[in-house]
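Residue numbers (the UniProt record's numbering): 1 to 149.
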């Protein structure tokens, strides 16, 4: 079955930075099929959890098949990184404009691979603004982090 559109909300968080962290996504295909997933790591960063949420969501999309995938993230780091900054990082040998190594390179490489193989549209949404999918992800992230402490 090929879905017309898969809409995804993602979130990641950390208690301390670094510290125990959690990630989550909520996926809806054609407004009907729905899947939620979350996970945690004992010693991580907020940015890694934000990236993990998107990577895991896109991995879940691959076997479903979709004409369009819309990612809604409240992370400017993720949205700007994958839609803008990554182009220069790759040209510069995975170095920032300041010539420093790009942090979380292995996550960005995986996200770039998935993004290139799927029809993804990236949207930034304001966190904690009452957006249902984003609020649900936040709850799942908190549950995942709470399970570690």
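No residue lacks a Cβ here, since even glycine has one placed at the ideal position from N, Cα and C. Just so we're clear, the structure is a prediction, and the values are computed from it rather than from any experiment.
field: Same chain only: Cβ atoms within 7 Å of residue 54, ignoring 5 sequence neighbours per side
entry: Numbered from its first residue, the chain shown carries residue 54 at position 54. The residues are 10, 71, 73, 78 and 111.
task: Give a yes or no on whether the C-beta atoms belonging to residue 22 and residue 144 are separated by under 7 Å.
output: Here residue 22 refers to the residue found at position 22 of the chain shown. Here residue 144 refers to the residue found at position 144 of the chain shown. Their beta carbons are under 7 Å apart, which means residue 22 touches residue 144 by this criterion.
message: Please list the terminal residues of the continuous alpha helix (DSSP H) segment that includes residue 89.
response: Here residue 89 corresponds to residue number 89 of the chain shown, with the count starting at 1. Looking at the DSSP string, the run of the alpha helix (DSSP H) that includes residue 89 is 86-91.
field: Buried/exposed call for residue 49, threshold 16 Cβ in 10 Å
entry: Sequence index remark: in the chain shown, residue 49 carries index 49 (1-based). Buried is the call here.
- request: Less than 8 Å between the CB atoms is what I'm expecting for residue 67 and residue 5, so what's the real figure, rounded?
  value: Counting from one through the chain shown, the residue named residue 67 turns up at place 67. Counting from one through the chain shown, the residue named residue 5 turns up at place 5. Going by Cβ atoms, the distance from residue 67 to residue 5 rounds to 7 Å, so yes, they are a contact pair.
Cβ-Cβ distance between residue 27 and residue 107 below 7 Å: Numbered from 1 along the chain shown, position 27 holds the residue referred to as residue 27. Numbered from 1 along the chain shown, position 107 holds the residue referred to as residue 107. Between residue 27 and residue 107, the CB-CB gap reaches or exceeds 7 Å.
- prompt: Can residue 141 and residue 13 be called in contact, C-beta distance under 7 Å?
  reply: Working through the chain shown from its first residue, we reach residue 141 at position 141. Working through the chain shown from its first residue, we reach residue 13 at position 13. Against a cut-off of 7 Å, the Cβ pair of residue 13 and residue 141 comes out as a contact.
- prompt: Where residue 42 and residue 24 are concerned, what is the direct C-alpha to C-alpha distance, given to the nearest angstrom?
  reply: Residue numbering aside, residue 42 sits at position 42 when the chain shown is read from its first letter. Residue numbering aside, residue 24 sits at position 24 when the chain shown is read from its first letter. Taking the CA atoms as reference points, residue 42 sits about 15 Å from residue 24.
query: What residues are listed by DSSP as bridge partners for residue 40?
result: Residue mapping note: residue 40 aligns to position 40 of the chain shown, counting from 1. Looking at the DSSP assignment, residue 40 forms a beta bridge with 22.
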